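Same order as they appear, the protein sequences are chains A and B.
FYI, the numbering for the first sequence is 43 to 436, going by our numbering.
FYI, the numbering for the second sequence is 1285 to 1343, going by our numbering.
Take a look at the structure below.
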Amino acid sequence: MKSNWDVIVVGGGPAGSMSALHSAKYGASVLMLEKDREIGVPVRCAEGVGVVGLQKLIKVDERWIKTKIDKIDIISPNNTSVKVKFDTKDNGYILDRRIFDNDLALLASQSGVTVKTKSYVHGLTFSENGSVNGVKANILGKEVNLSSKIVIGADGVESRIGRFAGLKTALKIRDIGSSVQAVVSGIDIDQNTMKFYVGEKYAPGGYLWIFPKGNNIANIGLGISGNRCDIKKPKDFLGIFLSKHFPNGSILNYVAGGVPLVKTLDKIVTDGLVLIGDAARTVNPISGGGIVSGMNNGKLAGIRVAEAIKENNFTEKFLKKYKDDWYKAGGKNHERLYKIKNFILSLTDNDFDHIAKKVSMIPIEKRSVLKVFKLAVWRKPSLILDVVKAFSGF
Amino acid sequence: MIYIKENLCDFCGTCVSVCPVDCIELFEAKIEIDNEKCIDCNLCVKVCPLDVLEVKDEK
């Protein structure tokens, strides 16, 4: 393998693959390194995406889709169920991330990207003027130094690539969703509904989800605000829920994960380095959904990185164009969503029950996610405008 | 000192993401805490989804 590259992407998730693909498409030589043995595994994700968002980014392959979702069902602490139908033009998909992630990496490789798994990056190298110019990696057990013009850090929630370059990526504990999930089979659930449970007994400062995967299988999991899980852990909440609701279900898969529920970092580029996806904190701070936003963010980064390679300019100043592109495409909206999330964290079980009651008084045909959130911020009218801007189109 | 119950760990990196001094190293199926760098803030213990980390007295 050659040791000089235009671009080295650290992390082979959807954001990494999209950035690699788009850098290569515009002419850069690209190496993508994944620390795990297989792209797409383990699946630390509830696997839900919006159809329109995904279609804008890539030609969707039916093999990626486990189920199609046409409504959500939110269950409040006193068991009030509030169903909201999606706009028929923008339904949801539950993906099979194992196949999906694999295919994205494959598409990247078909565009000229060199992909390597079992490749752990444990450091960066710097030029005399302090610009990032490569990575220190262990590839299949062999220590190597690889040089690059630009490193793309797509190394997920635990991102250390940014830290190696002096960027402040550490999350506050209130901004992490501490999560566990199980793929459960042999359960009788509606295959076209995503269910959400809110409240102290399910998931304090977060929510519990049931996302159907077809054939009486569902991804069931929950995320709890990091500052609310020191006594009872996410695994305890999930255990209680599963034994109560699905005592006879089989557990085919059980994984833990952390979700960065925060607005995008202020600084996501420096000389010779850009951060993307979960590493740049591009997850929707309310839903915790990060697939489409990470892919979009990765694409924008890839395009600007390729441009930087062409113009032989790897400075922070040039790479900031990517940051500006992302701010317009999603970062700005995430700032609003983060403000709304911080208010929602203050809601009590009684508040949730009150909101559910209010929403259930609206006829189902007239309900929308926008209306739910408008009612949710009723105690803080100053947020209404943010809600309208953030959720218009839902 | 933080003790890792490694057989319970899922290597998800939630602890790494909140560590203020970047003293946790996460591999595919291995996790290490650099006790020289650790400042005993215990944030990692708090946020772990699985209760893998434990504070132990050094004595």
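Just so it is clear, CB atoms sit at the ideal spot from N, CA and C, and this is done for glycine as well.
Treat the numbers as computed from the prediction; the structure is a model and nothing was measured.
- Excluding the 5 residues flanking it on each side, B/Lys1289 has same chain C-beta neighbours closer than 7 Å at Val1336 and Glu1338, in chain order.
- Taking a cut-off of 8 Å for Cβ pairs, the stretch 296-311 of chain A and the stretch 216-231 of chain A touch, as three or more such pairs fall below it.
- Here DSSP, grouped into helix, strand and coil, assigns A/Phe385 to helix.
- Straight across, the Cα-Cα distance linking A/Met43 with B/Ile1323 is about 40 Å.
- Look at B/Asp1324: its C-beta is not under 9 Å from any C-beta on chain A.
- Within the stretch 85-134 of chain A, complete alpha helix (DSSP H) segments of at least 4 residues are found at 93-99, given in chain order.
- Restricting attention to A/Tyr296, A/Thr211 and A/Val419, the CA atom closest to the CA of A/Asp320 is found in A/Thr211.
- Looking from the CA of A/Lys131, the closest CA among A/Lys110, A/Asp138 and A/Lys422 belongs to A/Lys110.
- Burial check for A/Gly344: the Cβ neighbour count within 10 Å reaches 16 or more, so the residue is buried.
- When C-beta distances to chain B are compared with 8 Å, the residues of the stretch 151-176 of chain A below that value are Lys160, Tyr162 and His164, in chain order.
- Against chain B, a Cβ distance below 9 Å from A/Ile215 picks out Val1302, Leu1327, Lys1330 and Val1331.
- Around A/Ile397, the same chain offers Leu417 and Ala418 as residues with beta carbons nearer than 6 Å, after the five sequence neighbours per side are excluded.
- Chain-order list of chain B residues neighbouring A/Gly198: Gly1297, by C-beta distance under 7 Å.
- For the pair A/Leu166 and A/Ile192, the CB atoms are not nearer than the 9 Å cut-off.
- Runs of alpha helix (DSSP H) with 4 or more residues, each lying fully within the stretch 258-335 of chain A, are found at 276-287, listed in chain order.
- Collapsing the DSSP output to three states places A/Phe206 in a helix.
- Within 10 angstroms of the beta-carbon of A/Asn290 lie fewer than 16 other beta-carbons, which makes it exposed.
- Distance check between A/Thr312 and each of A/Asn187, A/Lys362 and A/Val325 places A/Lys362 closest, using alpha-carbon atoms only.
- Counting along the chain, the unbroken alpha helix (DSSP H) around A/Ser151 starts and ends at Arg139 to Gln152.
- If the five residues before and after A/Asn234 are omitted, its C-beta is found closer than 8 Å to the C-beta atoms of Thr109, Lys110, Ile111, Asp112, Lys113 and Pro254, all from its own chain and listed in chain order.
- Residues of chain B whose Cβ lies closer than 9 Å to the Cβ of A/Ser335 do not exist; the shortest such Cβ separation is about 17 Å.
- Taking the Cβ atoms as the reference, A/Ile116 lies roughly 5 Å from A/Phe238, within the contact range of under 8 Å.
- Between A/Asp143 and A/Ser59, the C-beta spacing is below 9 Å.
- Short of 6 Å from the beta carbon of A/Val186, and not among the five residues preceding or following it, lie these beta carbons of its own chain, in chain order: Ala179.
- B/Glu1312 reaches chain A at Lys77, Asp78, Arg79, Lys160 and Tyr162, counting residues in chain order whose Cβ is nearer than 9 Å.
- Note on geometry: alpha-carbon atoms of A/Lys341 and A/Asn133 lie some 23 Å from one another.
- Residues of chain A with a Cβ closer than 8 Å to the Cβ of B/Leu1337 do not exist; the shortest Cβ-Cβ separation is about 11 Å.
- One alpha carbon belongs to B/Cys1328, the other to A/Glu358, and they sit about 32 Å apart.
- At a Cβ-Cβ threshold of 9 Å, A/Val72 and A/Ile50 count as neighbours.
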